[in-house]
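Reviewing the structure listed below.
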Amino acid sequence: MIAEAGLAALWFASALAALQLVMAAIGIARGRHDVAAAVRPVAIVQGLLALLAMALLIALFLNSDMSVKLVVENSHSAKPWLYKFAGAWGNHEGSMLLWVAILGLAGGAVAIFERSLPERTLTSTLGAQAAIALGFYAFLLFSSNPFARLNPAAADGLGLNPLLQDPGLAFHPPTLYTGYVGLSVAFSFAVGALVTRDVGPAFAKAMRPWVLIAWIFLTLGITAGSYWAYYELGWGGWWFWDPVENASLMPWLAATALLHSVTVLATRDGLRAWTIMLAVVAFSMSMIGTFLVRSGILTSVHAFAVDPERGAFILALLALYIGGALALFAARIGTVRAGTTFDPVSREGGLVANNLLLSVILGIVLIGTLYPIVAASFGVQLSVGPPFFNKAAGPIALLLVAVMAVGPLLRWRRDDAKAVLRRVMLPIGATLAAAIALLFIWPGVLPWAGLSLSAGLAVASVAPLWKRKLTRTPLFTYGMVVAHLGIAVSLAGMASDSAFTKETLVAVRAGEPARIGPYTVTLDGISPVIGENWSALEARLTATRGGSETILRPQLRFFANPPTSTNESAILTALDGQLYTVLGQPDGQGRWQLRLWWKPFVTLIWFGGVLIALGGALSLLGRVRRERRAAMRSEWA
Amino acid sequence: MLAALLLCIVPAAAQPVTPPARYANVQLADPAKEQSARALMETLRCLVCQGQSIADSDADMAADMRALVRERIERGEKPASIRDWLIARYGDYVTYDPPLSGLTWPLWLAPMLLLGIGGWIARSSFRRRTR
Numbered sequence: 001m002i003a004e005a006g007l008a009a010l011w012f013a014s015a016l017a018a019l020q021l022v023m024a025a026i027g028i029a030r031g032r033h034d035v036a037a038a039v040r041p042v043a044i045v046q047g048l049l050a051l052l053a054m055a056l057l058i059a060l061f062l063n064s065d066m067s068v069k070l071v072v073e074n075s076h077s078a079k080p081w082l083y084k085f086a087g088a089w090g091n092h093e094g095s096m097l098l099w100v101a102i103l104g105l106a107g108g109a110v111a112i113f114e115r116s117l118p119e120r121t122l123t124s125t126l127g128a129q130a131a132i133a134l135g136f137y138a139f140l141l142f143s144s145n146p147f148a149r150l151n152p153a154a155a156d157g158l159g160l161n162p163l164l165q166d167p168g169l170a171f172h173p174p175t176l177y178t179g180y181v182g183l184s185v186a187f188s189f190a191v192g193a194l195v196t197r198d199v200g201p202a203f204a205k206a207m208r209p210w211v212l213i214a215w216i217f218l219t220l221g222i223t224a225g226s227y228w229a230y231y232e233l234g235w236g237g238w239w240f241w242d243p244v245e246n247a248s249l250m251p252w253l254a255a256t257a258l259l260h261s262v263t264v265l266a267t268r269d270g271l272r273a274w275t276i277m278l279a280v281v282a283f284s285m286s287m288i289g290t291f292l293v294r295s296g297i298l299t300s301v302h303a304f305a306v307d308p309e310r311g312a313f314i315l316a317l318l319a320l321y322i323g324g325a326l327a328l329f330a331a332r333i334g335t336v337r338a339g340t341t342f343d344p345v346s347r348e349g350g351l352v353a354n355n356l357l358l359s360v361i362l363g364i365v366l367i368g369t370l371y372p373i374v375a376a377s378f379g380v381q382l383s384v385g386p387p388f389f390n391k392a393a394g395p396i397a398l399l400l401v402a403v404m405a406v407g408p409l410l411r412w413r414r415d416d417a418k419a420v421l422r423r424v425m426l427p428i429g430a431t432l433a434a435a436i437a438l439l440f441i442w443p444g445v446l447p448w449a450g451l452s453l454s455a456g457l458a459v460a461s462v463a464p465l466w467k468r469k470l471t472r473t474p475l476f477t478y479g480m481v482v483a484h485l486g487i488a489v490s491l492a493g494m495a496s497d498s499a500f501t502k503e504t505l506v507a508v509r510a511g512e513p514a515r516i517g518p519y520t521v522t523l524d525g526i527s528p529v530i531g532e533n534w535s536a537l538e539a540r541l542t543a544t545r546g547g548s549e550t551i552l553r554p555q556l557r558f559f560a561n562p563p564t565s566t567n568e569s570a571i572l573t574a575l576d577g578q579l580y581t582v583l584g585q586p587d588g589q590g591r592w593q594l595r596l597w598w599k600p601f602v603t604l605i606w607f608g609g610v611l612i613a614l615g616g617a618l619s620l621l622g623r624v625r626r627e628r629r630a631a632m633r634s635e636w637a
Numbered sequence: 001m002l003a004a005l006l007l008c009i010v011p012a013a014a015q016p017v018t019p020p021a022r023y024a025n026v027q028l029a030d031p032a033k034e035q036s037a038r039a040l041m042e043t044l045r046c047l048v049c050q051g052q053s054i055a056d057s058d059a060d061m062a063a064d065m066r067a068l069v070r071e072r073i074e075r076g077e078k079p080a081s082i083r084d085w086l087i088a089r090y091g092d093y094v095t096y097d098p099p100l101s102g103l104t105w106p107l108w109l110a111p112m113l114l115l116g117i118g119g120w121i122a123r124s125s126f127r128r129r130t131r
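In order, the protein sequences belong to chains A and B. Following the UniProt record's numbering from start to finish, the first sequence increments by one per residue and tops out at 637. Following the UniProt record's numbering from start to finish, the second sequence increments by one per residue and tops out at 131.
So this is what it looks like as structure tokens:
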């Protein structure tokens, strides 16, 4: 019954999406306010039905209903509770349902909370959101039904990929998807404003909070995914420039650029066409990412099922939505092209540089990700990986960091180059001091530049607070300060990790010590451990540093359903870095392979990521508060 | 990202029967040589995993390739010549650092081109100085 109810909820939701689209179209084209007024409630109910479908799928997984095909293929009754719950989206159909549920909820949230957009533009925005939803409901219902039954029912399921059996599965996909799909709101806003020719500062102010929300979640999702990969994979890497990672990075880059250009549109009515374009591009990147991951073009744990028909379906949706938005953009170019121009040396100028560099990095990542796929279709097998991305995007990213340091210190409209130079003396001094100090322990070109610039950026990012009344500084200024500081912190962590990581690979007997960085690690012994649905060989390691001892327990874990082994690393976090330990195979003569890394300040990478998201949250709060106050003032006036 | 998990999941039943080659999981004694071996390994693709370098893969084939890289580096061979040897044997697919060729020049030219086009577009948003 639950499965049928879920399927019914999906069908009803898609019917409502169709209704929402038609009513929005009639409301706009015929100017029927009564019809347009009903679009909001329909959008809300549509979102709730999509959420209900997701909740019912989770219920099926929690109950281990082995008459449902998806549960049989991806779950097992002996799995811990958390992985039954999160396992609902640990597969193709379930993750697409989560995608669609968030899409529906995003539309519903706009319908409930958006009050500043003119009614006509809001109606066409919700119409655009319904058009996107309709396509993806069709995708679910016609080619990826999560509620399909299995007759006869199976005795038990096949289990979930053990690499996914981690608390990370409960947090990373929903967070990332909220960001990914949240960008659909920016896309719909752009389409809505193009339809009603309403691109201007008021529109930008209305769109900004929605972009911020998506961006915050995207930042957190990427940060969490990076840390998950870091501790789960067992080799100490935290970013691999792998196509699936790139698929999440590209929307983030576009959203970051959008966040900055929307500010220029809101404050100075500049960059109109560019902002609309970025809003379209940002969600297009989300859809391209979904296509790459879900089509089976790539093989990965993310690409749960390989099915060319699904790939073709998503590709058709992609062409329809991106092509449609671009055609509309071309048709309306006359109304959006205008906008104020400005001086190169100005805050706007800095933000244009930000947008330019972010877009170039986005282009590099996109081309690097698609190149092997395109080459393969011509019968050429080649790989594009970390060396390419570091060489091509690294220097531009560092240039962007320099722009980021100077930008917030520029005045709007026009600034004086000499005065700017005076203001950036301190950050430049910090950069040079770090650069010279680092010459003595030469860490390599990119890490050297990265560490020096992060010192400069750290100083520059707090400079906007200099000589200001801290209690009267708006919250969104703090948001910018914290987010930019987060970039400096994260960059320092990345550079430090790549420059100063120490590695020790040894085969040791019990009692035999190994040295790694400031630690001495001794294998005390190996013992078997039994978990809920796995068994493991667990090493007991004693890590000694300056008299203090810590016990670490890395495991070699064996899962029965499906039969797989994984390395569970054990990590010791100190103030100045992490000791990362992994248990490898025995050599048959009483020795065990150990992989040990000392990673100075590596935690700064993710700490910085959290700071960036926190900055976004402060900024969001500040903007919403100011808008509300402005609205109250205008009511009183 | 978990993405990284383009992992080769090693089936539990298929643990290696023969012990891995000597240098698969053992570092070279000379830190400078180990460092250049490590740098090379990070740019070589594990052929059976598809999404990982041989420096961070559990697969047997990656272990064998690590051993091969370390042995050759120890013998004094240059990283570039080891890479060329591997490319000759396995094709361009094995290197994450695509060599500049008739097929890859658009890829390597792209960053410059994007920067140029982007700069040209951005120019239009600036006002000419009128003073």
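Built from N, CA and C at the ideal position, the CB exists for glycine as well. Note that the coordinates shown come from a computational prediction; the quantities given were computed from them, not determined experimentally.
Buried/exposed call for residue i, threshold 16 Cβ in 10 Å
i                : result
Gly385 (chain A) : buried
Met207 (chain A) : buried
Arg72 (chain B)  : buried
Ala186 (chain A) : buried
Trp235 (chain A) : buried
Interface residues of chain A facing residue i [CB-CB closer than 9 Å]
i                : result
Arg45 (chain B)  : Ser383, Gly385
Ala110 (chain B) : Gly363, Ile364, Ile367, Gly368, Tyr371, Ala392
Contact with chain B by residue i, beta-carbon distance below 8 Å
i                : result
Gln593 (chain A) : yes
Val360 (chain A) : yes
Thr123 (chain A) : no
Trp89 (chain A)  : no
Tyr371 (chain A) : yes
Ala449 (chain A) : no
Trp210 (chain A) : no
Asp416 (chain A) : no
Val602 (chain A) : no
Ile396 (chain A) : yes
Thr550 (chain A) : no
Leu356 (chain A) : yes
Leu505 (chain A) : yes
Gly388 (chain A) : According to the sequence as given, residue 388 (chain A) is Phe; it is not Gly. So yes, Phe388 (chain A) belongs to the interface.
C-beta neighbour in chain A for residue i, strict 8 Å
i                : result
Ala122 (chain B) : yes
Leu115 (chain B) : yes
Leu103 (chain B) : yes
Val48 (chain B)  : no
Asp26 (chain B)  : Per the sequence shown, the amino acid found at residue 26 (chain B) is Val instead of Asp. So yes, Val26 (chain B) belongs to the interface.
Leu107 (chain B) : yes
Glu71 (chain B)  : no
Pro98 (chain B)  : yes
Under 8 Å by beta carbon: chain B residues contacting residue i
i                : result
Val489 (chain A) : What Val489 (chain A) touches in chain B: nothing, since even the nearest Cβ is about 20 Å away.
Ala375 (chain A) : Leu103
Thr581 (chain A) : Per Cβ cutoff of 8 Å: no residues; Thr581 (chain A) is ~14 Å from chain B at best.
Val352 (chain A) : Ala122, Ser125, Phe126
Gly349 (chain A) : Phe126
Gly270 (chain A) : Ser125
Contact set for residue i: own chain, Cβ-Cβ below 6 Å, skip 5 residues either direction
i                : result
Ala190 (chain A) : Ile276, Ala279, Val280
Phe147 (chain A) : Ala3, Gly6, Leu7
Residues that residue i contacts on chain A, provided the C-beta gap is smaller than 7 Å
i               : result
Gly91 (chain B) : Gln381
Asp30 (chain B) : Per Cβ cutoff of 7 Å: no residues; Asp30 (chain B) is ~14 Å from chain A at best.
Asp56 (chain B) : Leu233, Trp235, Gly237
Partner residues on chain B for residue i, Cβ-Cβ distance less than 7 Å
i                : result
Pro344 (chain A) : Phe126
Gly584 (chain A) : Asn25
Cβ shell of residue i (< 7 Å), same chain only, five flanking positions each side left out
i                : result
Ala18 (chain A)  : Leu134
Ala514 (chain A) : Thr504, Val506, Val508, Val521, Leu594, Leu596
Closer than 8 Å at the beta carbon, the chain A residues around residue i
i               : result
Gly76 (chain B) : Ordered by position in chain A, no residue passes the 8 Å Cβ test against Gly76 (chain B), which lies about 21 Å from the chain.
Beta-carbon proximity list for residue i, same chain, < 8 Å, skipping 5 on both sides
i                : result
Ile117 (chain B) : none
TODO: Give a yes or no on contact between the stretch 62-81 of chain A and the stretch 149-159 of chain A, applying the rule of three or more CB pairs nearer than 8 Å.
DONE: yes
Open item on the list: With three or more beta-carbon pairs closer than 8 Å as the criterion, would you say the stretch 267-276 of chain A touches the stretch 527-534 of chain A?
Closed with: Not touching, per the Cβ criterion.
TODO: Indicate whether the contact test is met: 3 or more Cβ pairs, each with one atom in the stretch 198-215 of chain A and one in the stretch 613-630 of chain A, closer than 8 Å.
DONE: yes
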